[in-house]
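Structure record follows, encoded as C-alpha cells.
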Amino acid sequence: MTVPMRHGLRTATGSIYRRRSIIVAATGDGHTGWGEAAPVGGHTLDTADDAWVLLVAEAGRIVAGGEAVPIEGSTATAAVDTALTDLAARAGGYSLAIHLGGRMEPVPASLVIGLPRSAHELLDDVAGAVAAGYRHVKVKIDPATVHLVSAVRHGHPSLGIAVDANGSFDATGIDRLVALDSLGLDYVEQPFPGDAIGTLTELHDVLATPICLDESIRRLADITTAAGFADAVALKPGRLGPSLTLQALGVAARNGLGVKIGGLVETGVGRNLLVAMATHPGVTLPSDLAASDRYFEQDLVTPPWRASEGHLIPRQALIVDEDALHRFATQHHDTAR
290 MTVPMRHGLR TATGSIYRRR SIIVAATGDG HTGWGEAAPV GGHTLDTADD AWVLLVAEAG
350 RIVAGGEAVP IEGSTATAAV DTALTDLAAR AGGYSLAIHL GGRMEPVPAS LVIGLPRSAH
410 ELLDDVAGAV AAGYRHVKVK IDPATVHLVS AVRHGHPSLG IAVDANGSFD ATGIDRLVAL
470 DSLGLDYVEQ PFPGDAIGTL TELHDVLATP ICLDESIRRL ADITTAAGFA DAVALKPGRL
530 GPSLTLQALG VAARNGLGVK IGGLVETGVG RNLLVAMATH PGVTLPSDLA ASDRYFEQDL
590 VTPPWRASEG HLIPRQALIV DEDALHRFAT QHHDTAR
C-alpha cells in the first residue's frame with residue numbers, strides 16, 4: 290500500500306510524507322484478522338521490500354501448516370503475528386484488547402509533533418492538539434530545537450509534555466538536556482544513539498526527568514540491560530508483534546521499568562494493535578496514539594480512529610475499508626490452502 294499523508298512527520302533522523310506499508314489478512318472459519326507491516330528507516334530492521342519478500346514466504350509456510358515464528362525487529366513477522374492474533378480473538382468472540390490481557394476502556398493518547406522548523410510552527414501545532422482535546426503531546430527535538438520546548442510549557446502549564454530526540458544528541462548536549470528538568474516533562478525519549486551506554490549512564494546520574502529508551506531496544510534482552518541507565522522503555526508492537534510485546538511487558542515489569550506503546554506511523558489497521566496494547570495494565574505512560582486525521586485524509590478503516598477528550602477507544606472488532614485497500618494497493622498476493 291502507498292497511502293498519502295495529510296501531515297508528514299519530521300524527526301531528527303528523517304521525514305515521512307507518504308506511508309508505504311503492507312496489510313496482512315488471515316482468514317479462517319468465516320473470520321478475518323488484520324495486521325500491518327509498516328517499516329521505517331532507522332527504526333526497523335527491514336524495509337517494505339524486505340517485508341514483502343518475507344511475508345510471501347511466511348504466508349506459504351503458515352498455510353501449509355507451520356506456525357508463525359516472531360522474529361525480533363521484523364515488521365513482516367509482527368504483521369503475521371498480529372493478523373493471526375486478531376483472527377484468534379474474533380474466533381473466540383473477544384476484542385483484541387481483551388484477548389491480549391487489556392481492557393475495553395479509553396486510553397490516553399499522546400499526539401506526536403514532528404521536529405519543529407520554528408517556535409511559531411511548534412506553538413501552532415500544540416495549540417491545534419489542545420483544541421482537538423489532546424491532553425498530552427510528545428515533541429520531536431534535536432540539539433538545534435530543544436530550546437523551543439520551554440515555550441510550549443510556558444504556554445500550556447497543565448499539558449502533559451514529553452520530548453523525543455531520536456538519538457540526535459551526544460555527550461556535549463548533556464547540559465542542555467538537564468536544563469529540561471525545569472519544565473516538568475514526563476520523560477525524555479532516546480536522547481543519545483542506541484549504543485551510547487556510557488553517555489546514557491552519565492545522563493541518568495544527573496537528569497531528574499525520566500529517560501525512556503526506544504531505538505536502544507532491539508531485542509528482549511536489551512530491556513534488562515536498559516534498567517541500568519533508563520527509567521522506561523518504548524515498546525513498538527509494529528516491530529515486535531503482540532506475542533513479543535507481551536513478553537517485553539513482563540521483562541520490563543520485572544526490571545522496574547515504565548512502559549509506553551510507540552508507533553511507526555501505521556494506518557488505522559496497525560493502530561488497532563497499538564490501541565489494544567495500550568490498554569494493558571503493564572503500560573504506565575501515555576502512548577503514541579492519535580486520530581486517523583492526524584496523518585491521513587483517507588484511512589483504511591471505518592469509522593476512522595477518533596480521539597475523544599484526549600483518549601482513543603479500543604474496538605470490539607476492527608472494520609477495514611476494503612474499497613480504500615483496493616484504491617491504495619500497489620501489489621497483491623494471495624496464499625490459499
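Be aware that the sequence shown starts at 290, since it is given in my numbering, and climbs by one per residue. Cβ atoms here follow ideal geometry from the backbone N, Cα and C, with glycine treated the same way.
Helix, strand or coil at residue i according to DSSP, with G and I counted as helix
i, result
"Asp431", "coil"
"Ile602", "coil"
"Ile506", "coil"
"Leu553", "coil"
"Trp341", "helix"
"Ile305", "strand"
"Thr514", "helix"
"Ala440", "helix"
"Thr321", "strand"
"Leu474", "coil"
"Arg595", "coil"
"Arg583", "helix"
"Gly559", "helix"
"Leu298", "strand"
Buried versus exposed call for residue i [16 or more other C-beta atoms within 10 Å across all chains shown]
i, result
"Gly391", "buried"
"Pro405", "buried"
"Glu598", "exposed"
"His436", "exposed"
"His425", "buried"
"Ala378", "buried"
"Ala348", "buried"
"Ser505", "buried"
"Thr434", "buried"
"Thr461", "exposed"
"Arg346", "According to the sequence provided, residue 346 is Ala. The question's Arg does not apply to it. The residue is exposed, with fewer than 16 neighbouring Cβ atoms inside 10 Å."
"Asp431", "buried"
"Thr456", "Note on residue identity: the sequence assigns Gly, not Thr, to residue 456. Result: buried."
"Val503", "The sequence as given places Asp at residue 503; Val does not occur at that position. By the neighbour-count rule (16 or more Cβ atoms within 10 Å), Asp503 is buried."
"Thr366", "buried"
"Asp623", "exposed"
"Asp318", "exposed"
Boundaries of the alpha helix (DSSP H) in which residue i is found, first to last residue
i, result
"Thr619", "Looking at the DSSP string, Thr619 is not in any alpha helix (DSSP H), and its letter there is neither H nor E."
"Glu410", "408 to 420"
"Gly317", "Note, Gly317: premise wrong, no alpha helix (DSSP H); beta strand (DSSP E) at 311 to 317."
"Gly527", "526 to 543"
"Leu492", "486 to 495"
"His388", "385 to 388"
"Thr371", "364 to 381"
"Arg465", "463 to 467"
Extent of the continuous beta strand (DSSP E) run through residue i
i, result
"Val452", "449 to 453"
"Val572", "First-last for Val572: undefined, no H or E at that position."
"Leu400", "400 to 402"
Cutoff 6 Å; reference residue i; Cβ partners in own chain excluding five residues on either side
i, result
"Lys549", "Ala523, Leu574, Ser576"
"Ile608", "Thr591"
"Gly324", "Val313, Ala368, Thr371, Ala372"
"Arg309", "Thr291, Ala337"
"Ile486", "none"
"Gly403", "Leu298, Arg299, Lys429"
"Thr619", "Thr291"
"Thr488", "Ala460, Phe481"
Own chain residues within Cβ distance below 8 Å of residue i, not counting five before or after
i, result
"Leu553", "Ala327, Pro328, Val329, His332, Thr333, Thr364, Lys525, Gly527, Arg528, Gly559"
"Ile305", "Met294, Gly297, Leu298, Val329, Val554"
"Val564", "Ala386, Val396, Leu578, Trp594, Leu601, Ile602, Pro603, Arg604"
"Leu412", "Ala440, Val441, Gly444"
Residue i versus the options, residue with shortest Cα-Cα distance
i, options, result
"Arg508", "Ala314, Gly547, Leu533", "Leu533"
"Leu344", "His320, Ala315, Glu394, Thr488", "Ala315"
"Ser399", "Ala460, Ile506, Leu601", "Leu601"
"Thr556", "Gln536, Ala541, Ala579", "Ala579"
"Leu535", "Gly571, Ala516, Ile500, Gly551", "Gly571"
"Asn561", "Ala380, Gly487, Phe518, Thr371", "Thr371"
"Thr513", "Leu489, Pro531, Asp520, Ala541", "Ala541"
"Met393", "Gln587, Arg308, Ala606, Gln479", "Ala606"
"Gly547", "Ile500, Arg442, Gly530, Arg583", "Ile500"
"Leu496", "Arg307, Arg465, Thr321, Ala421", "Arg465"
"Asp612", "Val342, Gln587, Val401, Gly487", "Gln587"
"Ser447", "Gly319, Leu502, Phe458, Val419", "Val419"
"Phe518", "Asp484, Gly551, Gly530, Ile402", "Asp484"
"Thr374", "Gly444, Leu469, Thr490, Gly530", "Gly530"
"Thr422", "His621, Asp623, His615, Ala596", "Looking at the sequence itself, residue 422 is Gly, so the reference to Thr does not match. Of His621, Asp623, His615, Ala596, the residue nearest in Cα terms is Ala596."
"His493", "Asp470, Ala510, Asp511", "Asp470"
Own chain, CB closer than 7 Å to residue i, minus 5 neighbours either side, in chain order
i, result
"Phe617", "Met290, Thr291, Val292"
"His569", "Leu389, Gly390, Gly391, Leu538"
"Leu474", "Ile450, Ala451, Val452, Thr498"
"Ser439", "Leu472"
"Ala521", "Tyr476, Pro499, Cys501, Leu546, Gly547, Val548, Lys549, Leu574"
"Phe458", "Pro432, Leu466, Pro480, Phe481"
"Tyr584", "Met294, Arg295, His296, Val554"
Within-8 Å CB hit, residue i to chain D
i, result
"Thr556", "Of the protein chains in the structure, only one exists, and it is not chain D."
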